[in-house]
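Trainee:
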Amino acid sequence: MSANAEVVVGHEFVEKSTKCPLKLVNDFTKKIDADCFDEWQKLESSTYTNGFLIESLRSNDQEFIEKHGEHPVKKVDAVDISKGKGFVSIVVKCTIFFVNESIPPYTTILKIPGTESFDEAFGQQVSEDLNFGEKLVEAHNTECHFYEYVAPKLSNVPFPKAFKTLPCIPGKEQGVLHMEDLSTRAKTTCLSDSLSVAQIDDIVKHLAHLHKESLLLDEKVEMKINSDMANNTLKMIGSSLDKFLDLTDND
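Under our numbering, the first residue of the sequence shown carries the number 1, and numbering increases by one thereafter.
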């Protein structure tokens, strides 16, 4: 399923992969009198709007609520920052500007499932041969399930904060994760770059802690990750390995 869409009429979009009409998502209710942003403006090429974003921030992001809960919003800028950084989603960095210009802007992230980066890197034919769109839907919905039901029970494990999750329902819902912006305290490592021994050691420690905490959960948590998804991932790696080596100059 592609996350790209095109305008048809009014507040509707057409999902290019299925030609199904998808309405813009705007559930904005937490208005402040001096708000002057366009609540129906879409965020990049998604079906999600400024109204959806501000509603989620004012409802779910505790830091935003404490610092800016009473600050009217002037505008929202949205930029796709996912180019070259991921293959299974469009990452949109949203910057919120306030009516009081002395207040620093606030940034947050929308992660939307999409095949564009994968298609560009490995070719649309590989994507179609692997039924990548269907696997993408499954992967996104599994991630939503994890952040919604599992991550809150693992409070001692460092995860990005997810403020709102919506599943991907082909032809009905594009799917999104609204998350905190980690750019001030983290970075994305390029696929072709090597990690240091210290970084690998830190990752292994966090993974071990994650497994330990998972085994010690007080109540049973249904996990949607299964062997079929693991097998599908292995097939994808095999089909794209040659192209990956080309991209890294076979280093």
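For each residue, glycine too, the CB sits at the ideal point set by N, CA and C.
Bear in mind that the values here come from a model prediction, so they are computed numbers and not experimental data.
For residue 165, which of 108, 141, 40, 171 has the nearest alpha-carbon?
Mentor: Ranking the options by Cα distance to residue 165, first place goes to 141.
Trainee: Hey, would you say residue 180 sits closer than 8 Å to residue 95, going by beta carbons?
Mentor: Cβ atoms of residue 180 and residue 95: not closer than 8 Å.
Trainee: Looking at residue 82: is its Cβ nearer than 8 Å to the Cβ of residue 178?
Mentor: No, Cβ-Cβ distance for residue 82 and residue 178 is not below 8 Å.
Trainee: Short of 6 Å in beta carbon distance, which residues of its chain neighbour residue 162, apart from the five on each side in sequence? Order them along the chain.
Mentor: Only 147, 177, 179 meet the Cβ criterion.
Trainee: Counting only the same chain and skipping the five closest in sequence on each side, list residues whose C-beta sits under 6 Å from that of residue 79.
Mentor: Here the set comprises 93.
Trainee: What residues are listed by DSSP as bridge partners for residue 177?
Mentor: DSSP lists 111, 165 as partners of residue 177.
Trainee: Is residue 90 helix, strand or coil by DSSP?
Mentor: In this structure, residue 90 counts as strand in the three-state DSSP scheme.
Trainee: Bridge partners for residue 152 per DSSP, in chain order?
Mentor: Partner(s): none; residue 152 has no beta bridge.
Trainee: Kindly indicate which residue of 103, 136, 187 has the alpha-carbon position closest to the one of residue 112.
Mentor: Measuring from the Cα of residue 112, the nearest candidate turns out to be 136.
Trainee: Identify the continuous beta strand (DSSP E) that holds residue 208 and give its terminal residues.
Mentor: Segment 197-215 is the alpha helix (DSSP H) holding residue 208; no beta strand (DSSP E) there.
Trainee: In the structure shown, what three-state DSSP assignment does residue 49 receive?
Mentor: Strand.
Trainee: Below 8 Å, how does it come out for the stretch 65-74 and the stretch 190-205: are there three or more Cβ pairs, yes or no?
Mentor: These segments do not touch.
Trainee: Measure from the alpha carbon of residue 53 to the alpha carbon of each residue in 204, 21, 25, 90, then state which is nearest.
Mentor: Of the candidates 204, 21, 25, 90, the one whose C-alpha sits nearest the C-alpha of residue 53 is 25.
Trainee: When the Cα of residue 38 is compared with those of 101, 49, 182, which residue comes out closest?
Mentor: Measuring from the Cα of residue 38, the nearest candidate turns out to be 49.
Trainee: Restricting to Cα atoms, I'd like to know which of 100, 43, 160, 90 is closest to residue 61.
Mentor: For the residues 100, 43, 160, 90, the minimum Cα distance to residue 61 belongs to 160.
Trainee: Near residue 217, what residues of its chain come up, given a Cβ to Cβ distance below 7 Å and the 5 sequence neighbours on each side ignored?
Mentor: Closer than 7 Å at Cβ, skipping near neighbours: 153.
Trainee: Taking the beta carbon of residue 199 as the centre, do at least 16 other beta carbons fall within 10 Å, making it buried, or is it exposed?
Mentor: Its Cβ having fewer than 16 others within 10 Å, residue 199 is exposed.
Trainee: Look at the alpha carbon of residue 213 and the alpha carbon of residue 36, and state the distance between them as a whole number of angstroms.
Mentor: Using only the alpha carbons, I get a separation of about 45 Å.
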